[in-house]
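I have placed the structure first, in the form of structure tokens, so that the comments after it can refer back to it.
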Amino acid sequence: MKNWILLGVMFSMVFVACNNDDDAAPEADPPLELSEVIAEDSAEIETFLDTHFYNYEEFASPPADFDFIIDIDTIAGDNSDKTPLSQQMERLTINLESDDLGLDGDETVEHAYYLLRVRERIPDGPKPTIADSTFLKYEGQLLDGTSFDENQNFTWLELPFTDRGYAEGASELVAGTSAGIIDNPDGTVDITDRGIGMVIFPSAMGYFAGGGPSGTIPAYSPLLFKLDIGLFVEDTDRDNDGIPSILEDLDGNGNLLNDNTDLDSELLTGIILPNFRDADDDQDGIPTRDEISDEDGNIIIPYPDSDNDGTPDYLDPDN
Ligand SMILES: [Ca+2]
Ligand SMILES: [Ca+2]
Ligand SMILES: [Ca+2]
Ligand SMILES: [Ca+2]
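Going by this note's numbering, the first residue of the sequence shown is number 21, and it counts up by one from there.
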């Protein structure tokens, strides 16, 4: 299990540069700006997509012993007639703000990432959201092919605790079903109707100024993840307060870490919990679940707003 590698690294990155030619103490270099980095990353990704292909022929006509694992290779020599990834991957975009990565400045920059749908059991079938707990396998690589993290067995991961690019990619792939579950003799589980795909994304959706597993990801590295999506928990509710995690992204920007209604109070306590991890979002001492439930414990929709000021009670410390 190496899932820890993906956890909690994003959005708090500091790049420390060392002078190799003397014994001076390390100096901190400020990270580059989003707009500088995306220009270089995009060029690197586009070149990669034009010069590489995957084993699409094996997926189209699987050999008897095929492992259904995506294999990437360079278009050259015997493979010079292969179809490049650039003709097979979808281009998607999100906006990132400097603040999402803890950077100074107030940039909002569009970031393109690329998705490959290799196998989906039905088109437009059920997919996890970026906030859902998901049962999956993965392998993460740098664009030079270096593998920096891998999980060969299906494992539950909550997507808000992974890289942004990883979560966005996983949320675009159709999941398998419980009908596809197979128990292996070694105690592991397979999902035969799993979705299989791949996502390639710029560094700001990954580790930006570097880090990752034992610091193995160099600064400003676009990343590639092969993903097998087995199952997911629909409307995952991380803090069990009755509100699905995806609805706790109040500003709808895909970043669940920047929605924290009682941040000012929490700064005094030192325990910072964004709403999707906070069972009392407005810190008025009444659990969120109680503020949105009737006497029988049933969730009231829409969530109650006693003073009709547009802010529901669970986010309004006055109510
Ligand atoms: Ca919740
Ligand atoms: Ca948000
Ligand atoms: Ca909070
Ligand atoms: Ca409350």
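Glycine residues also receive a C-beta, built at the ideal position from the N, C-alpha and C atoms.
query                                                                                               : result
Euclidean distance between Cα positions of Leu202 and Val219                                        : The sequence shown places Ile at residue 202, not Leu. Approximately 26 Å between the Cα atoms of the pair.
contact_flag[the region 206-218, the region 233-242] where n(CB pairs < 8 Å) is 3 or more           : no
For Tyr334, three-class secondary structure by DSSP                                                 : helix
Meets three-Cβ-pair contact criterion under 8 Å: the region 149-160 and the region 78-86            : no
Val138 - DSSP class collapsed to helix/strand/coil                                                  : strand
Nearest-angstrom Cα separation, counted from Ala229 out to Glu117                                   : 15 Å
Option nearest Thr71 by Cα separation, candidates Gln107, Asp49 and Glu60                           : Gln107
Beta-bridge pairing of Lys157 - partner residues as DSSP gives them                                 : Asp248
Where the beta strand (DSSP E) containing Leu163 begins and where it ends                           : No beta strand (DSSP E) holds Leu163; DSSP gives it neither H nor E.
Integer Cβ distance of Thr308 from Ala299, believed to fall under 8 Å                               : 6 Å
CB of Glu159 within 7 Å of CB of Val194, strictly                                                   : no
Spatial distance of Tyr192 from Leu135 (CA atoms)                                                   : The sequence shown places Glu at residue 192, rather than the Tyr named in the question. In a straight line, the C-alpha of Glu192 is about 8 Å away from that of Leu135.
Nearest neighbour of Phe88, chosen from Tyr74, Ile95, Pro322 and Asn328 [CA to CA]                  : Tyr74
Three-state secondary structure assigned by DSSP to Asn39                                           : At Asn39 the pLDDT is 41, less than 50, meaning the model places this residue with poor confidence; the figure from the coordinates comes in the next sentence. In the structure shown, Asn39 sits in coil (DSSP, three-state: anything other than H, G, I, E or B).
Ser313 in three-state terms, based on DSSP                                                          : strand
Simplified DSSP state of Asn339, which is helix, strand or coil                                     : coil
Neighbourhood of ligand 3 [Cβ distance below 5 Å to any heavy atom], ordered by chain position      : Asn280, Asp282, Leu293 and Asp298
Ligand 4 heavy atom lying under 6 Å from the CB of Ile291                                           : no
Residue range of the unbroken alpha helix (DSSP H) whose run includes Asp70                         : Leu54 to Thr71
Residues that Gly217 bridges to, as DSSP identifies them                                            : Arg137 and Leu247
Contacting residues, own chain, Cβ-Cβ under 6 Å from Asp304 (five flanking each side not counted)   : Pro337
Alpha-carbon spacing of Ile237 relative to Glu178, whole angstroms                                  : 22 Å
For Leu156, the nearest candidate out of Ile249, Lys102, Leu163 and Asn318 (CA to CA)               : Ile249
Closer than 6 Å: Ile263 CB and nearest ligand 1 heavy atom                                          : yes
Residues near Gly262 by beta carbon distance below 7 Å, same chain, minus five either side          : Thr308, Arg309, Ile312, Ser313 and Ile319
Closest residue to Ser223 among Val129, Ile90 and Asp302 (Cα-Cα distance)                           : Val129
Rounded separation between Asp101 and Leu270 - CA only                                              : 48 Å
CA-to-CA distance, Gly330 to Leu123, given in whole angstroms                                       : 32 Å
Identity of the residue in Thr281, Asp301 and Asp91 nearest Ser167 by Cα                            : Asp91
Residue environment, Leu335, which counts as buried when at least 16 other CB atoms sit within 10 Å : buried
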